[in-house]
Structures are given as C-alpha cells and as structure tokens.
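Chemist:
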Amino acid sequence: MLFQQLKILGLEFDGGAAIHLFSENSKDAVIIVAAPDLASPIQINLPYDEEAFVNNPIILDVWNAKETGENIFNRFYSFEEKNKYFEYLFKYNGLKILPQSSQDFILQADSYTASFIAEKNSLLGANSWTRQVFSDNDFEILNRIAKVFEQAYIRFLDLQKVEAQAIRAEQDLIEIKSARKKAEDTLTELRATQAQLIQAEKMASLGELTAGIAHEIQNPLNFVNNFSEVNKELLIEMKDEIDKGNLDEVKSIANDLIDNQEKINHHGKRADAIVKGMMQHSRANTGQKELTDINVLADEYLRLSYHGIRAKDKSFNANLKTDFDNSVGKINITPQDIGRVLLNLYNNAFYALSEKTKTADSTYQPAVSILTKKLNARPDDKGGRDKVEIKVSDNGNGIPQNILDKIFQPFFTTKPTGQGTGLGLSLSYDIIKAHGGEIKVETKEGEGTEFIIQLPVV
C-alpha cells in the first residue's frame, strides 16, 4: 500500500521501498520490503548483530540515521558495499522467498542508491539500481510520509500496549481468582482446624470437669437414695397404721411421704440439670444465643471447677467468694461458650493457687473470687450500651510481666508439657470478642491476678 501511495504521488523508483520498524525493548528490527516485482510486501526479522554490522556500511548508515535522526538522501554505494549488505539480508527468512533471478539481479547491479528518512521508531528507505535521485520536492514528500507513518506506528504500538495490558489484566484476574480460591480453601481448612481445636479444648476441659460433675451429681443422688429409703420405711409404717385403722397417723405419714417425694423430685432435677449442662458443654456449639442468668452460670461452673481440682488433690482447699449483682438479670449469650470461658478462668485460678500453695507458708489462705456487676451506659454516650462486668480473681503468684502480652496467643502456656494445650485463653479471647465484649487482665507478681470481662447487655 505504501509503495502504491508513493507511485500515486509521483515517486517512482526501480529499487522499491522499505520500512524499518524498531523495537522499544531491543535493537532488533523488522524490515518490510515492497518492490515492483513483488506481488506483496515481504517481512525480514533482522536481529541486532554488532560484530556483523561494524563491517557493513549500509546497515551502519541505517542505524546512525535512526540514532541521530539525520536523514540520508541520494547516497551512492559501491558494488562491494551493496553486495555485502544484500548478501547479509539474504540469510534471513524474508528475502529467501525472492526468486533466484531477482537475487542475481540485485547482486549483479552495477550501482545502488539509497535514501533513508529516520524517525524515532521507524525509518523509510527508498532504493534504486540505476542511480535514480530524488529532488528537494521528493524529499519533502518522503519526509511527510515518514512522519505520517511514524504517527500511525506509534498508535499501533500504543494499541499493542493496551492489548498487552488487557491480556495481562485478564491473566491477573485469573491469578487473583485462583489466589482467592486458594485463600478460601485455606480459610475453610483453617476454620475446620479451628473447630477441631475448639472441640479438643472443650473435651480437655470436660475431662477436668468430670470429677467435679461426679461430686455434684453424687450429692443429689445421696439425697434421692436417703429419702427413698425413708419413704420405704414410712410406707411399711403406713401399712401397719392402716391395718390398725389409725387414720390420723396414716394422714401424717402421707404428708411426710409427699414432703420427701418433693425433695426427691427437687434433687433429681438438680442431677438432671448437671448432666444436661455437661452434655451442653461437650456438644458442638450451634452458636445460638439465648437469655441466660449469668450469675447462675458463673456459680455453677465455679463449683464444678473447684470440685474438679479437689478430686485430683484432696489436700487442696480454697475460699470461694462470690459477689453477684442481682440487677444483672439474664443476658443474651451463648451459654456453652461463656461457660467455657469461665471454666477456663476458674481452672487457671485454681492452678495458680495450687502452685503457690507448694511454696507458701502456713499463713497463706488460697482464695478465688467471682464478681458480677451491671454497668449502665453513661447518659452522655448516645451510642453506648449497658454492660455486664465479670471479674475472676485469685491470690496466686500472678503473671510475670515479660509474658503478660503473650497469654492470649494460641498455644502459649506456662504449664508443664501435657498439662496445658495453650488454647484456653486464646479461645476465651475469641469467644468474648465474638460476643462484642472485651477481656483484659490485671496482675501483680506475688499477689495475684484478676481477669475482667465486659459483655454488652442486648
């Protein structure tokens, strides 16, 4: 098309024309050649070869024009210079398709005249085998054509960049989707692992509860057994009184039976509640919140934890101090989860007391305190909510300052190997945060530790 446009503009030359296209990222070039005897343009991919170019004057002129921007008009080259140039080009795939007769004609031509009009990214070349020269007007036309082609080529390069960016963006999107899928899969695995760890921690704490639960169940069962024996004796006595016709005594015994039966029923329900609490603690959490009496929950787990450690060490004793705020009432929580938090804090407190008892003198009185308090939102805090504060404190050895910032980290424990998973406080922290609350710790080495939980009242 370019060759045809040159002919239309009155620029005819027997050697044809060539466009050199230069790469931004390398010195390699692409040469597109059009000539009168070619049915269609041919393309030569010309790699940069500094050693070969040094001894090739025509190629050097092309590169110098490209580098300096100085055009070359009507330059005559010798027979040897011409042949060295074309013999080099004939090595590359584009010119190999030239008929042998055309190659022979080029190599046998007596003269070669060339003009090179250079732009930043392209160069227009015009050839002649008959010493044809261009006029100043011809040069002006060639200059304009070279500039127009340069602009078109720049737009082409820009489009290539846009296309490359689009392809890259598409690849990036594919990679992002793949990375997202991997992240989602990893998150799913982590959640599954977390669920397994939580269940393992629950079962570990359940093991610690077992002795306490057994103790708690034994008390109501003893009452049930005792009152059952008493009722048996009363029934035998009632039978005798019936035979004697002593109706008043029968009524009195019947009233005693009713009273005892109510006591049996009461203690049976107490044992049933303990078993249900154990099952609730051990089963997988559904995450369902329900209105729960936090004072009852805190007191129940305190006794279970205490009896659990007492079952392991009969010599261990501690004062249990409770200060429950009755105005707290019921709050909307997941009881299994908050119960697990309290159990963990109690177990840690009793462990701290047990450790201190080993080295303390006879005046030491181990004690664990549990306090609940309702915190009303400040009138000036429009977005504030009422809260419930729970404090669990002990007078153990306290937590060293150098590890205080690590206690909520997963798998961190100060207990000997096999005695602690290192997950209790980490899971407790997550549970409280999931309830929209806060948990913090205050401690003084040698004096004790206090964990403070604040939960919103919803």
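Converting from the sequence shown to our numbering requires adding 7 to each position, the first position being numbered 1.
Don't be surprised by glycine CBs; every beta carbon is placed ideally from N, CA and C.
If you're wondering where the values come from, they're calculated on a predicted model, not measured in any experiment.
Whole beta strand (DSSP E) runs in the segment 154-204 with 3 or more residues, listed along the chain?
Modeler: DSSP runs (the beta strand (DSSP E)) wholly in the segment 154-204: none.
Chemist: For E396, does the three-state DSSP call read helix, strand or coil?
Modeler: In this structure, E396 counts as strand in the three-state DSSP scheme.
Chemist: Straight-line CA distance for A41 to P64?
Modeler: The straight-line gap from Cα to Cα measures roughly 22 Å.
Chemist: Anyone know if the C-beta pair for L53 and D68 falls short of 8 Å?
Modeler: Against a cut-off of 8 Å, the Cβ pair of D68 and L53 comes out as no contact.
Chemist: Our contact map puts H274 next to F323 with C-beta atoms below 8 Å; I'd like the distance itself, whole angstroms only.
Modeler: Not quite, the Cβ-Cβ distance comes to about 27 Å (not below 8 Å), so this is no contact.
Chemist: Among all the DSSP beta bridges, which residues are the ones paired with L53?
Modeler: The partner list for L53 (beta bridge, DSSP) reads A36.
Chemist: What are the start and end residues of each continuous alpha helix (DSSP H) run of 4 or more residues lying completely inside the segment 85-142, in chain order?
Modeler: Runs of the alpha helix (DSSP H) inside the segment 85-142: 86-96, 100-103, 107-115.
Chemist: Helix, strand or coil, according to DSSP, for R82 in the structure here?
Modeler: DSSP places R82 in strand when its eight states are reduced to three.
Chemist: For N134, tell me which candidate among S142, K127, S122 has the shortest Cα-Cα distance.
Modeler: The shortest C-alpha separation from N134 is found at S122.
Chemist: Per DSSP, Q461 forms a beta bridge with which residues?
Modeler: Answer by DSSP bridge pairing, in chain order: E396, E445.
Chemist: Output the distance between the C-alpha atoms of A171 and L432, rounded to the nearest integer angstrom.
Modeler: Near 52 Å, if we compare the C-alpha coordinates of L432 and A171.
Chemist: Answer with buried or exposed for Q343, where buried requires no fewer than 16 other C-beta atoms within 10 angstroms of its C-beta.
Modeler: Burial call: buried.
Chemist: Leaving aside the five residues before and after D300 along the sequence, list all residues of the same chain whose C-beta is less than 7 Å from its C-beta, in chain order.
Modeler: So the qualifying residues of the chain are K337.
Chemist: Quick check on DSSP: helix, strand or coil for E297?
Modeler: If DSSP states are grouped into helix, strand and coil, E297 belongs with the strands.
Chemist: So, with DSSP's three-state summary, where would you put S376?
Modeler: Residue state, collapsed to three classes: strand.
Chemist: By DSSP's criteria, K251 is part of a beta bridge. Which residues make up the other side?
Modeler: DSSP output for K251 lists no bridge partner at all.
Chemist: With distance defined between alpha-carbon atoms, name the residue in A116, N302, E31, I414 nearest to L164.
Modeler: Minimum Cα distance to L164 is reached at E31.
Chemist: With a threshold of 8 Å on Cβ separation, who are the neighbours of L130 within its own chain once the five nearest residues in sequence on each side are excluded?
Modeler: Hits under 8 Å: I26, H27, F29, V69, A72, K73, F123, I124, A153.
Chemist: Can you name the residues that DSSP bridges to F29?
Modeler: Paired residue(s): A36.
Chemist: Helix, strand or coil for K319, going by three-state DSSP, please let me know.
Modeler: Three-state DSSP puts K319 in a helix.
Chemist: What residue from L180, G453, Y313, S312 has the CA that sits closest to P407's CA?
Modeler: Closest by alpha carbon: G453.
Chemist: D44 to S118, Cα distance in whole Å?
Modeler: D44 and S118: Cα-Cα distance of roughly 19 Å.
Chemist: Output needed for A278: all residues of its chain with C-beta closer than 7 Å, excluding positions within five of it in sequence on either side, in chain order.
Modeler: So the qualifying residues of the chain are I224, P227, L228.
Chemist: Which residue comes first and which comes last in the beta strand (DSSP E) that contains K73?
Modeler: No beta strand (DSSP E) holds K73; the alpha helix (DSSP H) holding it covers 64-75.
Chemist: Tell me whether the beta-carbon of L327 lies closer than 8 Å to the beta-carbon of L309.
Modeler: In contact: L327 and L309 (Cβ atoms closer than 8 Å).
Chemist: Rounded to the nearest angstrom, what separates L352 and L434 at their Cα positions?
Modeler: Rounded to the nearest angstrom, the two C-alpha atoms are 11 Å apart.
Chemist: Assuming the contact rule is C-beta atoms closer than 8 Å, Q295 and T341 should be a hit. Round their C-beta distance to whole Å, please.
Modeler: Yes, Q295 and T341 are in contact; Cβ-Cβ is about 7 Å, under 8 Å.
Chemist: Determine the extent of the beta strand (DSSP E) in which L411 is found, giving its start and end residues.
Modeler: That residue, L411, is in no beta strand (DSSP E); it is neither H nor E in DSSP.
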